[in-house]
Amino acid sequence: MRLPFIPREEKFFALFSDDAANMLAAARLLGEYFSRYDERERLAVQLRDIEHTGDTISHDIGNKLESTFVTPIDREDISVLISRIDDVVDLIEEVADTCILYGISEPTDVARQQTEIIVQQCEQLKAAIDSLEDFKNLSPYWIEVHRLENEGDRIARHAIAELFTNGTDAVDIIKWKDVYSLLEEAIDACEDTANVIERIVVKHA
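Residues 450 to 654 in my numbering are what the sequence shown lists, from first letter to last.
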């Protein structure tokens, strides 16, 4: 008797790359959001669209995961990787929405600096994920993401300390503390994504 067809490995790596590209697009759009702040409402809508695109990609990966018998990496690692990428995009969108909801009239240099770190981290993550299939020579990418996280942590600590030391308006202090904290969470989420990539590579070394 002939055995039924068993689904085998799908093009997961191409989908990972699509997801990473979407994440990088979100990061770059947040940079544009803060540099063209008078267009924030329009750009925030675009960020929501990117977030929805990310959800669609994650859904596609989940469907392939369910229908594929043999996967290129552990199923748990696939789920965690796409979840961490989703976290980055969700936090980026939340930053933009929070600025609008809080009625923030002008971004600060600190917010722009934190956003630039997120952009650089996402560039490193995209490059790493594009090369993930080979499982080789990826350590420079996650090392740089970690370095950038340390820089972002320093900027956030200093900025929040400045708010409470030199801030004069209690409401503004609370608003910016929340925004800086969200940006720092996005930076941390990028590092978490790098950690997942590192674990995957170590398993396949």
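Where a beta carbon is used, it is the ideal one built from N, C-alpha and C, also for glycine. Bear in mind the structure is a predicted one, so any value in this text is a computation, not a measurement.
Gly511, DSSP secondary structure in three states: helix
Sub-7 Å separation of Gly616 and Ile622 beta-carbons: yes
Rounded separation between Lys406 and Ile604 - CA only: Outside the modelled stretch of the chain, which goes from 450 to 654, sits residue 406, for which no answer is possible.
Of the residues Ile522, Thr557 and Ile541, the one placed nearest Phe465, counting alpha carbons only: Ile522
Close beta carbons around Gly480, own chain, < 7 Å, minus the five adjacent residues each side: Thr564, Glu565 and Val568
Buried versus exposed call for Lys575 [16 or more other C-beta atoms within 10 Å across all chains shown]: buried
Sequence-distant residues of its chain with Cβ nearer than 6 Å to Glu598 (five each side left out): Ile636 and Glu640
Ser466 (DSSP reduced to helix, strand or coil): helix
Local Cβ density within 10 Å of Ile455, reported as buried at 16 or more and exposed below that: With a pLDDT of only 45 at Ile455, under 50, the local geometry of the prediction cannot be trusted, and the value read off the model is given with reservation. With fewer than 16 Cβ atoms within 10 Å of its Cβ, Ile455 is classed as exposed.
Contacts around Val651, its chain only, beta-carbon distance under 7 Å, and the 5 residues preceding and following it disregarded: none
Beta-carbon contacts of Leu473 that lie in its chain and below 7 Å, excluding the five residues immediately before and after: Cys571, Glu572 and Lys575
Close beta carbons around Ala476, own chain, < 7 Å, minus the five adjacent residues each side: Ile541, Ile567, Val568 and Cys571
Sufficient close CB pairs (3 or more, under 8 Å) joining the segment 542 to 558 to the segment 491 to 499: yes
Reference Asp509; option with closest CA among Asp487, Arg485, Phe483 and Asp468: Asp468
Reference Arg561; option with closest CA among Ser580, Tyr486, Thr642 and Glu515: Tyr486
Residue nearest to Ile592 in terms of C-alpha spacing, selected from Ser528, Ile646 and Ile534: Ile646
CA nearest to the CA of Gly552, picked from Glu634, Asp627, Phe613 and Ala638: Asp627
Closest Cα partner of Glu488 within the set Val559, Glu634, Glu555 and Ala608: Glu555
Unbroken alpha helix (DSSP H) run spanning Asp579, endpoints: Asp558 to Asp579
Ala654 burial status per 10 Å Cβ neighbour count (16 or more: buried): exposed
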